[in-house]
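Enquirer: Counted from 1, the sequence shown has number 128 at position 128 by full-length UniProt numbering; the numbering is strictly sequential. Beta carbons: idealized from backbone N, C-alpha and C, even for Gly. If you're wondering where the values come from, they're calculated on a predicted model, not measured in any experiment. I have a structure here, written as structure tokens, and I will follow up with some questions on it.
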Amino acid sequence: MFAVMDDITALILDDHAAFRRGFARLDDAQDAEQLAAVWDTLALHLEIHAEAEELILYPHLLRQHTEDAAEETDDAIRDHNKIRDAIEAARARPVGSDAWWKAVWEARKENSEHLAEEEDEVLPDFRRHAGLDLRLELGERWLAFYGEHPSGRGLTFTDKDPKRYIQEHG
């Protein structure tokens, strides 16, 4: 049996804490080399996390058929797209430049808003409607996903159409 820490919602919260620490590390970086080291790791984790949520969490949220599931999923997919777009914009700029910081700040802002919505609305909704056995099963899938895609191997990190996503997974 799995520990409660392997509940998918706990694993997602662990990632959220890592994102907050990563953005804080950017504040302390001293030069472009340190900025790149912190940002590259953080950006990759943000992208892998979004793919994992879109593959594992949100399809099950939609299947719970709660009143808010479609709206919450639509918001999440839009948020993920904005974060991906900001990451891509940062990649196109010299690390540490004003344009790079603007893109990183956009990713940070969008991510912070997304985490708050997910932690205050999506995850509590999911915990209320999904039993512990399902959350543990999905937690196992979450961990396997990360293991199967080290450094994002095999993932494409592309924006998704929220309406199409909901139709395909609802």
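Hey, how far is the Cα of F2 from the Cα of L61?
Expert: On the sequence shown, position 2 is the one that residue 2 refers to. On the sequence shown, position 61 is the one that residue 61 refers to. Unreliable placement is indicated for F2, whose pLDDT of 48 sits below 50; the coordinate value is still reported in the next sentence. Roughly 21 Å between the two C-alpha positions.
Enquirer: With D74 and H49 assumed to form a contact (beta carbons below 8 Å), what rounded beta-carbon distance in angstroms separates them?
Expert: Walking along the sequence shown from the start, residue 74 turns up at place 74. Walking along the sequence shown from the start, residue 49 turns up at place 49. No, D74 and H49 are not in contact; Cβ-Cβ is about 18 Å, not under 8 Å.
Enquirer: Okay, do the region 156 to 170 and the region 51 to 60 touch, 3+ Cβ pairs below 8 Å being the bar?
Expert: Because the criterion of three Cβ pairs below 8 Å is met, the region 156 to 170 and the region 51 to 60 touch.
Enquirer: Between the Cα of E33 and those of Q64, P94, E47, spot the shortest distance and give me the residue it belongs to.
Expert: Translated into the one-based positions of the sequence shown, residue 33 becomes position 33. Looking at the Cα atoms, P94 is the closest of the given residues.
Enquirer: For the region 80 to 123, list the alpha helix (DSSP H) runs that are entirely contained and at least 4 residues long, ordered along the chain.
Expert: Entirely contained in the region 80 to 123, the alpha helix (DSSP H) runs reaching 4 residues are, in chain order, 98 to 117.
Enquirer: Assuming D7 contacts G139 under a Cβ cut-off of 8 Å, what Cβ separation, rounded to an integer in Å, is found between them?
Expert: The residue you call residue 7 lines up with position 7 of the sequence shown. The residue you call residue 139 lines up with position 139 of the sequence shown. Yes, they are in contact, since the Cβ atoms of D7 and G139 sit about 5 Å apart, within 8 Å.
Enquirer: Could you give the DSSP three-state label for G139: helix, strand or coil?
Expert: In the sequence shown, the residue the question calls residue 139 occupies position 139. In this structure, G139 counts as helix in the three-state DSSP scheme.
Enquirer: How many Å lie between Y146 and H169 at the Cα?
Expert: In the sequence shown, the residue the question calls residue 146 occupies position 146. In the sequence shown, the residue the question calls residue 169 occupies position 169. So the alpha carbons of these two residues sit roughly 21 Å apart.
Enquirer: For K160, which three-state DSSP category applies?
Expert: As a position in the sequence shown, residue 160 is number 160, starting the count at 1. K160 falls in the coil class under three-state DSSP.
Enquirer: So the candidates are A37, D28, A76, G152; which of them puts its Cα closest to the Cα of L123?
Expert: Residue 123 sits at position 123 when you count from the first residue of the sequence shown. Here the closest residue by C-alpha is A76.
Enquirer: Just verifying my parser: in three-state terms, what is the DSSP assignment at G154?
Expert: By one-based count along the sequence shown, residue 154 stands at place 154. In this structure, G154 counts as coil in the three-state DSSP scheme.
Enquirer: Quick check on the DSSP output: the alpha helix (DSSP H) that includes residue 210 runs from which residue to which?
Expert: No statement about residue 210 is possible, as the shown extent of the chain runs from 1 to 170 and does not include it.
Enquirer: Buried or exposed: which applies to R128, given that a residue is buried once 16 or more other Cβ atoms fall within 10 Å of its Cβ?
Expert: Here residue 128 refers to the residue found at position 128 of the sequence shown. Counting Cβ neighbours within 10 Å, R128 comes out exposed, since fewer than 16 surround it.
Enquirer: Tell whether a beta-carbon distance below 8 Å holds between A103 and A116.
Expert: Within the sequence shown, residue 103 is the residue found at index 103, counting from 1. Within the sequence shown, residue 116 is the residue found at index 116, counting from 1. The answer is no: Cβ separation not under 8 Å.
Enquirer: Can you tell which of A70, W101, K109 has the C-alpha that lies nearest to the C-alpha of residue 191?
Expert: Any question about residue 191 goes unanswered here, given that the chain covers just 1 to 170.
Enquirer: Apply the 10 Å Cβ neighbour rule to A144 and answer buried if 16 or more other Cβ atoms are within range, or exposed otherwise.
Expert: Position 144 of the sequence shown, counted from the first residue, corresponds to residue 144. Exposed, since its Cβ has fewer than 16 Cβ neighbours within 10 Å.
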